[in-house]
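Beneath this line is the structure, given in structure tokens, with notes to follow.
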Amino acid sequence: MPDSGFGIYVHWPFCQAKCPYCDFNSHVVARVDQAAWRESYRAEIARHAALIPDRVVGSIFFGGGTPSLMEPETVASVIDDIRAQWRVANDIEITLEANPTSVEAARFRAYHAAGVDRVSIGVQALNDADLRRLAADGRFRRDLLDRLAFDVITVPPLRERLEDILPLAYAFAINMASELKRELFAGFGARASSSLLQHDWPGNISEMRQCIVSALDKSTLQPFLVEAQRLMGKSLARNASS
Ligand code: SF4
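Number 456 in the working numbering belongs to position 46 of the sequence shown; there are no gaps in the numbering.
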């Protein structure tokens with residue numbers, strides 16, 4: 411019987427600088443041969459797949475070191491190799507640890523495109539005043555105060571991000587299908603996809619999630635159409651069966 415509680419940890423042992431208090435397996439080098447690392451990960455994944463076959467992967471965690479220094483191509487290659495060797499859960503969670511100094515919007519879009527859906531960032535405080543208070547209390551090193559920097563990532567509303575609408579709708583749908591113990595979510599038809607793209611989504615992502623969850627939390631297509639019509643107006647309901 412396949413076990414769905416199977417997670418894979420992928421270690422990236424490189425950082426931009428070595429923090430003086432750090433005991434992790436992390437190293438600073440002038441250049442990392444990412445192609446060589448992709449091949450090494452591929453060989454290691456194949457080796458473990460031969461040792462532990464017939465498992466369902468529920469999560470992948472990229473830890474380090476500083477995995478946000480990995481080229482997105484390397485992250486994508488690892489995820490693809492894992493998907494090629496094992497079956498993965500519909501609601502698989504793929505996390506990448508990030509050091510705030512290496513957070514960059516474009517790079518993170520590429521991680522997301524590769525399949526990463528969760529970022530793990532360690533935070534001491536969310537504003538300068540709190541951080542200085544922690545340092546004054548001896549709970550944060552004073553010499554690090556001026557070495558931290560944060561990039562603010564502004565996310566526009568969903569209706570301005572057409573490229574995100576179908577992937578998000580699909581992700582919400584397969585999560586819901588998984589909760590309902592359905593083996594498969596077959597996807598949206600062409601006209602339903604078109605309606606999803608044309609809808610104005612005034613309530614942003616939470617409205618979309620509510621719409622998809624409510625519509626799929628039914629066992630037949632007809633309640634799906636009725637619920638979708640109530641939540642979105644007529645366009646999706648009219649086209650959802652196509
Ligand atoms: S960034 Fe993290 S892993 Fe890297 S040296 Fe500092 S504490 Fe260690």
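A virtual CB, placed ideally from N, CA and C, is assigned to each residue, including glycine.
query, result
"Integer-rounded CB distance, given that alanine 508 should sit under 8 Å from valine 533", "About 11 Å; that fails the 8 Å criterion."
"Contact between the segment 495-507 and the segment 469-477 (3+ Cβ pairs under 8 Å)", "yes"
"Phenylalanine 550 beta carbon less than 8 Å from that of leucine 536", "no"
"Contacting residues, own chain, Cβ-Cβ under 6 Å from phenylalanine 582 (five flanking each side not counted)", "Arg619, Ile622"
"Any 3 or more C-beta pairs closer than 8 Å across the segment 456-466 and the segment 420-435", "no"
"Cβ neighbours of asparagine 435 in the same chain (closer than 8 Å, five flanking residues each side left out)", "His421, Pro423, Gly475"
"Distance, histidine 522 Cα to alanine 539 Cα", "32 Å"
"Given alanine 516 as reference, the closest of Asn500, Leu461, Pro577, Val565 once Cα atoms are compared", "Val565"
"Under 8 Å between C-beta atoms of valine 485 and valine 526", "yes"
"Pocket of the ligand SF4 (residues with CB nearer than 6 Å to any heavy atom), chain order", "Cys425, Lys428, Cys429, Cys432, Phe434, Ser436, Gly474, Gly475, Thr476, Asn509"
"Those runs of the beta strand (DSSP E) which lie wholly inside the segment 508-587 and span at least 3 residues", "528-531"
"Spatially closest choice to aspartate 553 from Cys425, Phe416, Tyr431, by CA coordinates", "Tyr431"
"From Leu572, Leu479, Tyr580, Pro577, residue whose alpha carbon lies closest to that of alanine 440", "Leu479"
"First through last residue of the alpha helix (DSSP H) which encompasses serine 352", "Residue 352 is absent from the structure shown; the chain starts at 411 and stops at 652."
"Beta bridge counterpart(s) of threonine 505 as assigned by DSSP", "Phe471, Arg528"
"For proline 477, the nearest candidate out of Ile531, Ser605, Ser450 (CA to CA)", "Ile531"
"Beta-carbon spacing of serine 605, leucine 576 below 8 Å", "no"
"DSSP state of isoleucine 615 mapped onto helix, strand, coil", "helix"
"Aspartate 490 versus aspartate 501 - alpha carbon distance", "16 Å"
"Which of helix, strand or coil DSSP assigns to valine 623", "helix"
"For isoleucine 418, three-class secondary structure by DSSP", "strand"
"Spatial distance of proline 567 from glutamate 617 (CA atoms)", "12 Å"
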